[in-house]
Amino acid sequence: MRIDVRGAQLYDPAIGLDRTADLLVEDGVIAGIGPGLPHGDETVDADGLLLMPGFIDIHVHLRDPGETHKEDLQTGTQAALFGGFTDVCAMPNTKPPVDDALVLGDILRRAAGLPVKVHQLAAITRGQEGEQLAEMATLQELGAIGFSDDGRGVRSSNVMRLSLQYARGLGAVIATHAEDPELSRGGIVHEGPVSYRIGLPGQPRSAETAMVARDLELLRETGGRLHICHISCRETVELVRRAKAEGLQVTCEVTPHHLLLTDEDVPALGALGKMNPPLRTAQDRAALREGLSDGTIDAIATDHAPHSPSEKARGIMHAPFGVTGLEAAVPAVYGALVQAGELSLRRFVDAFTDAPRRVYGLRAPRIAAGEEARLTFFDPCCSWQLSADDLRSRSKNSAFLGRAMSGRPFGILTDGRFHASHE
Ligand SMILES: [Zn+2]
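The opening position of the sequence shown corresponds to residue 50 in my numbering, with each subsequent residue numbered one higher.
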């Protein structure tokens, strides 16, 4: 099977590639780059498109097994394809959670062969209950790429310390949902002037920052590797900046909604503005953008959290936390930050390709002859508006519905085949 791609702007900044050329893929491998290439069995007209190493989202909830009325492996990866991702990393808070070999093996078996590759994290603790460590060595051997109790924080400092020590021996990453449940308890939105005005219980910033400070202190003692999920506070950016300067092996990620929205948007968004951690202030958002630009924040990850329409219709007090993110992430961030000149194209691509893969020790695809073809096509000129009909996820709870987008994912090339993102 040969596919020729015509006229794309090939952009792989990690190897200094930035040129308009044709590309030939043969049996899933890049066979040639340049003019004068032969035609394949299929031609992709990529005139005016950016062609980049495959984008990865390292934080998604696919709800499979156990809550497939919200999402499953099929619909979740279709949402990823629509959003321009070739790879996703699924969090283990399914029902049952991914804390044993049977659940992990079942997911990996059912995900094999899908156009978007599913990498799976496993739980840190049995049942994600925060008490006893899961069989981490076995789970890693069977393919778990890292460990997380995401969905909740690891309350016990001792369990967190043991998990870092144990993961260090395995060379594995602990990915933490940094939240002190006693500080966040009952909080729906960020605690501040907006929560007082609209009369909803708030989550103080210390619910995140105190946990991040604790985990960094533990990491300093144990060594090993810590990844902090979905950071939201300016103090967290500063804590990570200092920890990196000190040489600790820490990485972190930020979501598109924390980069683009604030708590001022919550009254208009209602339940679509309810996520955990909550949307913070304009100063927090500015610090997150700065941290992303200077590399303190490694990766952009969506925390794609599907919930059914009836669940989100319960109103902001009673709806579950979380918004979907796979379909809108790339164009939303591209339009709001790259086109606006706030974030370089180079850092944008790095934050969706190489930097997130480094977090979990995954090899990044390269656009070079002899490399596996794992590619994201993006149309930087297309203007469109995100509507619920566009969403491929089984759930429609995006905070970006109705938003004007500039730039649109066009397709992906994986396993030797081109897959269009949309008709
Ligand atoms: Zn989380």
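Built from N, CA and C at the ideal position, the CB exists for glycine as well.
8 Å CB neighbourhood of residue i in its chain, flanking five on each side removed
i: Pro84; result: Ala70, Asp71
i: Gln177; result: Pro141, Asn142, Pro146, Asp148, Asp198, Gly200, Arg201
i: Cys278; result: His108, Ser197, Asp199, Ala224, Thr225, His226, Ala227, Cys301, Glu302, Ala350, Asp352
i: Ser432; result: Ala453, Met454, Ser455
i: Ala368; result: Ala320, Lys323, His356, Glu360, Lys361, Ala362
i: Phe370; result: Lys323, Met324, Asn325, Ala354
i: Leu182; result: Ile173, Thr174, Arg175, Val208, Leu211, Ser212, Tyr215
i: Ser205; result: Gly179, Glu180
i: Arg217; result: Thr271, Gly272, Gly273, Arg274
i: Glu420; result: Val78, Ile79, Pro414
i: Thr187; result: Ala150
Backbone secondary structure at residue i - three-state DSSP
i: Lys323; result: coil
i: Phe459; result: strand
i: Gly56; result: strand
i: Thr330; result: coil
i: Gly218; result: helix
i: His279; result: coil
i: Glu339; result: helix
i: Lys483; result: Absent from the model: residue 483. The displayed extent of the chain is 50 to 472, so no value can be given.
i: Leu232; result: helix
i: Glu75; result: strand
i: Arg201; result: coil
i: Arg274; result: strand
i: Leu386; result: helix
i: Ile82; result: strand
i: Phe397; result: helix
i: Gly176; result: helix
i: Gln434; result: strand
i: Pro414; result: coil
i: Leu213; result: helix
i: Arg252; result: For clarity, residue 252 is Gln in the given sequence; the question names Arg instead. Strand, per DSSP.
i: Thr442; result: The sequence shown places Ser at residue 442, not Thr. Here Ser442 sits in coil by DSSP.
i: Ala161; result: coil
i: Met454; result: strand
i: Leu288; result: helix
i: Ile223; result: strand
i: Arg246; result: helix
i: Arg406; result: helix
i: Ser206; result: helix
i: Glu421; result: strand
Classification of residue i by the beta-carbon crowding that lies within 10 angstroms, buried from 16 upward
i: Lys144; result: exposed
i: Thr174; result: buried
i: Tyr60; result: buried
i: Met50; result: exposed
i: Ala422; result: buried
i: Ala417; result: exposed
i: Pro250; result: exposed
i: Asn207; result: exposed
i: Leu153; result: buried
i: Gln127; result: buried
i: Thr463; result: buried
i: Ile79; result: buried
i: Arg254; result: buried
i: Met260; result: buried
i: Gly220; result: exposed
i: Gly65; result: exposed
i: His239; result: buried
i: His276; result: buried
i: Leu265; result: buried
i: Ala389; result: exposed
i: His307; result: buried
i: Tyr383; result: buried
i: Arg112; result: buried
Own chain residues within Cβ distance below 7 Å of residue i, not counting five before or after
i: Ala129; result: Asp106, Val137, Val165, Leu375
i: Ala381; result: Pro305, Leu309, Phe449, Arg452, Met454
i: Asp482; result: This structure cannot settle anything about residue 482, because the visible part of the chain is limited to 50 through 472.
i: Phe467; result: Ile52, Glu91, Val93, Gly460
i: Phe104; result: Gly133, Phe134, Thr135, Val379, Phe401, Thr402, Thr425
i: Ala404; result: Asp347, Ala348
i: Cys430; result: Gly97
i: Ala262; result: Leu288
Cβ shell of residue i (< 6 Å), same chain only, five flanking positions each side left out
i: Leu98; result: Ala57, Phe426, Asp428, Phe459
i: His168; result: Cys138, Ile194
i: Ala469; result: Gly460
i: Leu163; result: Thr126
i: Val203; result: Gly179, Met209
i: Ala377; result: Leu435, Ser447, Phe449
Point to revise | Ordered list of beta strand (DSSP E) runs contained in the stretch 88 to 153, each at least 3 residues | key: Whole beta strand (DSSP E) segments, 3+ residues: 91 to 94, 99 to 102, 104 to 109, 134 to 139.
**Study point:** Contact shell at 7 Å, judged by CB to any heavy atom of ligand 1, ordered along the chain
**Key:** This selection yields Asp199, Gly200, His226, Cys278, His279, Asn325, Asp352.
Point to revise | Every unbroken beta strand (DSSP E) within the stretch 295 to 320, with a cutoff of 3 residues, ordered by chain | key: With a minimum length of 3 residues, the continuous beta strand (DSSP E) runs that stay inside the stretch 295 to 320 are 299 to 303.
Practice item. Tell me the start and end of each unbroken beta strand (DSSP E) in the stretch 340 to 375 that is at least 3 residues and wholly inside, in chain order. Key: Whole beta strand (DSSP E) segments, 3+ residues: zero.
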